[in-house]
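Residue numbering for the sequence shown follows full-length UniProt numbering, beginning at 1 and increasing consecutively. We put the beta carbon where it would ideally sit given N, CA and C, even for glycine. Below you'll find the structure, written out as structure tokens, and then a few comments.
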Amino acid sequence: MSTTGKVVWSEGMFLRPQHFQQQDRYAERLVRQRAEGITPFPWGLRHLGLNRALLDLGKVSLERCGGVFDDGTPFEVPVDLPHPAPLDLAVGLTDTVVYLCLPVQHPGAAEIEIGSAFASSARYAGGDVEVIDAISGSNASARIRTASLRLSLMLESDDRSGYHSLGLARIAEVGADKRARLDPDYIPPVMAMAASDTLSGFVAEVLAMLHHRGEALAPRVSGAANHGVAEIADFLLLQVVNRAEPVLAHLARLPSLHPERLYATFLDLAGDLATFTAARKRPDEFATYQHDDLEHVFAGVMLALRRSLSAVIEQSAIQIPLQDRKYGIRVGVIPDKTLLTTSGFVLVVKAALPEETIRRSLPALVKIGPVEQIRELVNVQLPGIPVQPLAVAPRQLPYHAGAVYFELKPDSPLWTGLATSGGVAVHLSGDFPDTRMELWAIRR
């Protein structure tokens with residue numbers, strides 16, 4: 001029969017210590033079963049503080065530590081329990097995890113050790129404490145015996161088969177001077193993000209990258225009434241960033257945030273960003289969540305987030321503003337001369353004429369070339385950089401109803417002169433009422 005069954009209290013029964021012990025086991029089991037379903041992985045550290053001074057002396061010691069073991073046993077040091085004995089570290093020790101350990105509870109075995117038997121496998125150590133009467137007006141005190149969990153610190157290499165274990169830190173190395181250096185990448189199993197500086201750092205890092213990317217994207221998509229495909233992609237990426245940033249900011253203010261929820265949030269963001277930054281437009285294969293191996297779990301998704309949020313997303317279409325000058329000449333400055341070899345150039349023309357008229361007559365009437373040579377091209381009637389009408393508007397550019405799109409042909413000798421010119425000039429002769437022009441560079 002189960003050792004955690006409910007005690008049958010009845011009139012006339014002979015009370016023995018076992019009745020109360022059984023009632024304790026029943027109550028503990030009831031609370032544990034009820035709490036297990038509230039959240040996934042309801043065990044781990046809630047907070048952790050190591051004695052940094054003793055680390056410099058080659059010892060691991062707790063200043064404070066609280067949480068729940070994987071069997072559901074809560075603990076709080078030093079509020080409810082005494083500090084476990086410091087753990088000495090040997091010189092030369094490397095890459096070793098330090099664990100907080102608690103003896104396993106065995107049905108039918110003694111659970112409480114009265115005395116100071118160091119080698120005992122009992123789960124609790126009994127001791128006497130002086131307790132004041134809680135009733136108002138009574139100053140009486142009594143000495144009663146209580147039990148506290150027998151916590152101990154062990155190394156990864158120690159035999160922990162009879163213990164529940166919680167990883168606290170990984171010793172990177174112990175130098176010849178006995179100073180112990182901790183591995184900053186290690187993440188212990190935690191119930192709350194605040195218990196791990198590494199997890200808290202992940203949230204702050206991703207939040208900063210999101211804010212930076214949002215600030216870079218917002219000016220690119222604001223103020224335009226019409227958007228090409230490239231601008232729509234920027235808009236959708238900004239939507240992803242704007243949705244994720246407030247959520248991450250909220251989570252960063254929750255010290256009790258469970259790492260499983262944080263991992264799910266990171267996966268959601270990484271999947272969205274893969275649409276815009278991954279070569280296959282699909283997310284990576286991320287690790288299955290393992291509560292006792294958070295370092296491995298978060299490594300992959302953090303790599304993906306850093307890659308996506310630090311990727312340089314170049315505008316596929318760059319507008320070269322054209323300014324009106326004298327005699328019908330428009331001048332634009334090419335901001336990056338490498339565009340001349342890495343991009344195609346498109347002239348967009350709209351006028352109060354039928355599209356077919358513009359498409360047919362403009363190539364013979366437009367002069368395009370370096371700003372220093374445009375007057376000569378116009379006055380002497382020399383050919384400029386030739387243009388060819390496009391059947392449809394390029395997908396990277398905004399669509400304007402009634403506009404005609406012309407591709408500039410780079411095989412003209414004048415094209416190479418643009419690399420050293422102060423700008424590109426456009427002159428359109430003939431009768432084109434209400435003419436509006438745009439010049440775009442489209443990255444190949």
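* To do: Could you check the C-alpha separation between tryptophan 9 and leucine 15 for me, to the nearest Å?
  => 9 angstroms
* To do: From the DSSP output, read off the bridge partner residues of tyrosine 163.
  => Pro103
* C-beta contact flag for valine 348 and leucine 262 at 8 angstroms -> no
* **Supposed close pair proline 386, serine 412 - CB separation, criterion 8 angstroms** => 6 angstroms
* What did DSSP end up calling aspartate 434 once you bin it into helix, strand or coil? -> coil
* **Host beta strand (DSSP E) of glycine 271 (start-end)** => Element bounds for glycine 271: not the beta strand (DSSP E) but the alpha helix (DSSP H), 259–277.
* Buried or exposed for isoleucine 187, please, with buried defined as at least 16 other CB atoms from any protein chain shown within 10 angstroms of its CB. => buried
* Should the stretch 204–216 be called in touch with the stretch 279–291, which here means at least 3 C-beta pairs below 8 angstroms? -> no
* **CA nearest to the CA of arginine 444, picked from Val331, Ile318, Gly402 and Lys367** => Ile318
* To do: Using three-state DSSP, classify histidine 47 as helix, strand or coil.
  => strand
* **Beta carbon of lysine 350 nearer than 8 angstroms to that of histidine 400** => yes
* Asked: In this structure, does DSSP put residue 447 in helix, strand or coil?
  -> The chain is shown only over 1 to 444; residue 447 falls outside these bounds and no answer can be derived.
* To do: Could you check what DSSP says for isoleucine 144 in three-state terms: helix, strand or coil?
  => strand
* To do: Compute the Euclidean distance between the alpha carbons of proline 86 and alanine 195, then round it to the nearest angstrom.
  => 20 angstroms
* Touch check for the stretch 153–167 and the stretch 175–183: three-plus C-beta pairs under 8 angstroms? -> no
* Asked: Does the stretch 87–96 come close enough to the stretch 161–174 to have 3 or more Cβ pairs within less than 8 angstroms?
  -> yes
* To do: Would you kindly work out how many angstroms separate the C-alpha atoms of tyrosine 344 and glutamate 355, rounded to a whole number?
  => What sits at residue 344 in the sequence shown is glycine, not tyrosine. About 22 angstroms.
* Have a look at valine 60 and leucine 151 and give me their C-alpha separation to the nearest angstrom. => 14 angstroms
* Asked: Could you give the residue range of the beta strand (DSSP E) that holds glutamine 319?
  -> 317–320
* Nonlocal neighbours in the same chain, by C-beta distance under 6 angstroms from leucine 55, ignoring five residues either side -> Ala180
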